[in-house]
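Here our numbering is used: position 330 in the sequence shown is 331, and no number is missing along the way.
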Amino acid sequence: MRKLLAAFVALMVLAGFAQAQTSLLDEIKLRGNMTCGVNQSLPGFGVIDSEGNFSGFDVDFCKAVAAAVLGDSEAVTYRALTASERFTAVQTGEVDVLIRNTTWTSSRDSEVGLNFAPTTFYDGQGFIVKRASGISEVSDFEGTSICVQSGTTTELNLADVMAALDISYTPLVFETADQVFAAYEADQCESVTTDMSGLVSRSTLLQDPAASVILPITISKEPLGPAVLHGDDTWFDVVKWVTFGLIFAEEYGITSDNVRDVAASAQAPVVRRFLGLDGQVMEQLGLESDAMITMIEQVGNYGEIFARNLGPDTQFGLERGLNALYTDGGLLYSPPFR
Ligand SMILES: N[C@@H](CCC(=O)N[C@@H](CS)C(=O)NCC(=O)O)C(=O)O
Numbered sequence: 002m003r004k005l006l007a008a009f010v011a012l013m014v015l016a017g018f019a020q021a022q023t024s025l026l027d028e029i030k031l032r033g034n035m036t037c038g039v040n041q042s043l044p045g046f047g048v049i050d051s052e053g054n055f056s057g058f059d060v061d062f063c064k065a066v067a068a069a070v071l072g073d074s075e076a077v078t079y080r081a082l083t084a085s086e087r088f089t090a091v092q093t094g095e096v097d098v099l100i101r102n103t104t105w106t107s108s109r110d111s112e113v114g115l116n117f118a119p120t121t122f123y124d125g126q127g128f129i130v131k132r133a134s135g136i137s138e139v140s141d142f143e144g145t146s147i148c149v150q151s152g153t154t155t156e157l158n159l160a161d162v163m164a165a166l167d168i169s170y171t172p173l174v175f176e177t178a179d180q181v182f183a184a185y186e187a188d189q190c191e192s193v194t195t196d197m198s199g200l201v202s203r204s205t206l207l208q209d210p211a212a213s214v215i216l217p218i219t220i221s222k223e224p225l226g227p228a229v230l231h232g233d234d235t236w237f238d239v240v241k242w243v244t245f246g247l248i249f250a251e252e253y254g255i256t257s258d259n260v261r262d263v264a265a266s267a268q269a270p271v272v273r274r275f276l277g278l279d280g281q282v283m284e285q286l287g288l289e290s291d292a293m294i295t296m297i298e299q300v301g302n303y304g305e306i307f308a309r310n311l312g313p314d315t316q317f318g319l320e321r322g323l324n325a326l327y328t329d330g331g332l333l334y335s336p337p338f339r
């Protein structure tokens with residue numbers, strides 16, 4: 002009996018060990034598809050068209066991970082998530098990765114149980130107001146109503162700043178961006194506050210965009226990036242290094258147009274290792290040796306993703322700012338692939 006019990010315990014320990022070794026990476030490869038939690042109503046970042054296709058800056062990072070892991074940027078099932086739904090979707094495994102303008106904060110790491118990949122968009126919270134309101138600085142918000150979305154970092158930042166400046170205001174809290182901006186259009190509030198990216202994006206949908214202005218005031222730090230669930234280092238490493246890979250490719254001038262030529266003629270050891278021509282860095286991450294070639298060919302590097310979705314040639318016309326490479330005065334910096 003005792004022997005039987007010992008065998009049973011050994012089996013359970015082994016089963017537990019096997020479980021601990023199983024990563025989402027293997028599961029996704031078996032499935033042949035990755036699930037990505039995204040936004041569906043943030044033009045430029047995550048948006049769905051009338052045929053159900055998703056596009057945008059965040060969506061391109063989903064595509065990059067799928068291209069690197071599965072060799073196919075289209076092998077993604079998108080789940081549109083509201084701000085309040087997004088963390089449960091990661092915790093329950095409904096999505097493999099969350100790439101939905103999500104700010105990296107300590108409590109989202111600890112209490113929510115997320116692991117954040119490198120920041121893909123350095124942002125900050127701002128305000129949009131009607132030009133006619135004459136509001137130009139935070140003290141002008143005294144006695145006004147401000148529309149804000151629940152389940153976001155935005156609510157607390159607003160409360161903190163107003164309390165610090167002793168400004169009394171009424172927060173009008175809504176569940177979705179559509180509701181927030183509808184209330185603003187209907188003059189229920191004098192302003193909407195959210196990430197600058199959200200303001201730039203949603204201001205294009207206003208009935209009369211020229212009648213509103215985004216104030217040149219930033220009240221918080223909002224580092225936005227992909228996140229996965231705690232407890233799966235293998236999968237976390239993949240999402241992390243795919244993100245770095247996009248930045249690294251831009252730094253080394255490797256683009257969707259030239260990646261095959263670079264791969265055919267590269268001499269620099271750093272580039273050869275990155276593209277899987279020498280060494281084993283991709284295999285060590287659990288990827289095919291040519292994972293970065295496939296990814297860059299299908300999705301482009303960070304700079305291409307930024308330019309295509311948000312850059313000067315788009316309706317958003319965003320400059321790179323903090324989202325430039327460190328070599329250009331920005332914050333984007335990939336550690337070495339080696
Ligand atoms: N970065 C902030 C805010 C994220 C957020 O949800 N922002 C609004 C800005 S408009 C949004 O994306 N709303 C889209 C929607 O509700 O459909 C966070 O992580 O809490």
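Ideal placement from N, C-alpha and C gives every residue a C-beta, glycine not left out.
Quick check on the DSSP output: the alpha helix (DSSP H) that includes F249 runs from which residue to which?
That run of the alpha helix (DSSP H) goes D234 to E252.
Check the C-beta distance from S146 over to I168 and give it rounded, since I have them as a contact under 8 Å.
In fact, because the Cβ distance is near 13 Å, the residues do not count as touching under 8 Å.
Cβ-heavy atom distance between V181 and ligand 1 below 8 Å?
Yes, the beta carbon of V181 sits closer than 8 Å to at least one heavy atom of ligand 1.
If I follow the unbroken beta strand (DSSP E) through I297, where does it start and stop?
Taken as a continuous stretch (DSSP letters only), I297 belongs to no beta strand (DSSP E), being part of the alpha helix (DSSP H) at A292 to V300.
Comparing the CB of L115 with every heavy atom of ligand 1, is any distance shorter than 8 Å?
Not under cutoff, so the answer is no.
Within 10 angstroms of its Cβ, does L82 collect 16 or more other Cβ (buried), or is it exposed?
Label assigned to L82: buried.
Classify P44: buried if its beta carbon has 16 or more other beta carbons within 10 angstroms, exposed otherwise.
With 16 or more Cβ atoms within 10 Å of its Cβ, P44 is classed as buried.
My output table needs one value for G304: the three-state DSSP class, helix, strand or coil.
Helix at G304.
Counting beta carbon pairs with one atom in the region 256–263 and one in the region 294–302, are three or more of them shorter than 8 Å?
Cβ pair count under 8 Å is three or more, so yes.
Where are the beta strand (DSSP E) runs, 3 residues long or more, that stay fully inside the region 59–124, in chain order?
Listed in chain order, they are 77–81, 115–117 and 122–124.
Sorry if obvious, but does the Cβ on Q41 come closer than 8 Å to a heavy atom of ligand 1?
Indeed, a heavy atom of ligand 1 lies less than 8 Å from the Cβ.
Does DSSP put L225 in a helix, a strand or coil?
Correct three-state label for L225: strand.
Which of the three DSSP states, helix, strand or coil, is assigned to T347?
Coverage of the chain is limited to positions 2 through 339, which leaves residue 347 absent and any answer about it impossible.
Between the region 171–178 and the region 95–113, are three or more C-beta pairs nearer than 8 Å?
Counting Cβ pairs under 8 Å, fewer than three are found: no touch.
Put F338 into one of helix, strand or coil per three-state DSSP.
Reduced to three states, the DSSP call for F338 is coil.
Could you check the C-alpha separation between R274 and L159 for me, to the nearest Å?
Approximately 46 Å between the Cα atoms of the pair.
Taking 8 Å as the cut-off, is the CB of R309 close to at least one heavy atom of ligand 1?
Not so, every heavy atom of ligand 1 lies at least 8 Å from the Cβ.
Count the other CB atoms, across all protein chains shown, that sit within 10 Å of the CB of L115; report buried if there are 16 or more and exposed otherwise.
The residue in question, L115, is buried, as its Cβ has 16 or more Cβ neighbours within 10 Å.
Under a Cβ-count criterion, where at least 16 other Cβ atoms within 10 Å of its own Cβ denotes burial, should L26 be classed as buried or exposed?
Buried: at least 16 other Cβ atoms inside 10 Å.
For A67, count neighbouring C-beta atoms within 10 Å of its own C-beta (all shown protein chains included) and say buried if the count is 16 or more, exposed if not.
Buried, by the Cβ-count rule.
Is E186 near ligand 1, judged by its Cβ being under 8 Å from some heavy atom?
The answer is no for E186.
Are there any heavy atoms of ligand 1 lying less than 8 Å away from the beta-carbon of N324, as far as the coordinates show?
Because no heavy atom of ligand 1 lies under 8 Å away, the Cβ of N324 does not count as near it: no.
With a threshold of 16 other CB atoms inside 10 Å of the CB of N324, please say whether the residue is buried or exposed.
Its Cβ being crowded by 16 or more others within 10 Å, N324 is buried.
Return the first residue and the last residue of the alpha helix (DSSP H) that G199 is part of.
Unbroken alpha helix (DSSP H) run through G199: M197 to S204.
Out of A250, Y79 and I220, which has the shortest C-alpha to C-alpha gap to G38?
Looking at the Cα atoms, Y79 is the closest of the given residues.
Between which two residues does the alpha helix (DSSP H) holding Q180 run?
Segment A178 to E186, the alpha helix (DSSP H) holding Q180.
Determine whether the beta carbon atoms of F194 and Q126 lie at a separation below 9 Å.
Here the sequence assigns Thr to residue 194, which means Phe is not the residue at that position. Yes. Within cutoff.
Taking contact to mean 3 or more Cβ pairs, one atom from each stretch, closer than 8 Å, check whether the region 318–337 and the region 100–112 are in contact.
No: fewer than three Cβ pairs fall under 8 Å.
DSSP three-state label for F317, please.
DSSP places F317 in coil when its eight states are reduced to three.
Classify I29 as helix, strand or coil using the three-state DSSP reduction.
DSSP places I29 in helix when its eight states are reduced to three.
Output yes or no for whether 9 Å exceeds the beta carbon distance between M296 and L247.
It is a contact, given that the beta carbons lie within the stated cut-off.
Helix, strand or coil for S134 per DSSP?
S134 falls in the helix class under three-state DSSP.
Give the secondary structure of S140 by DSSP, where H, G and I count as helix, E and B as strand, and everything else as coil.
Residue state, collapsed to three classes: helix.
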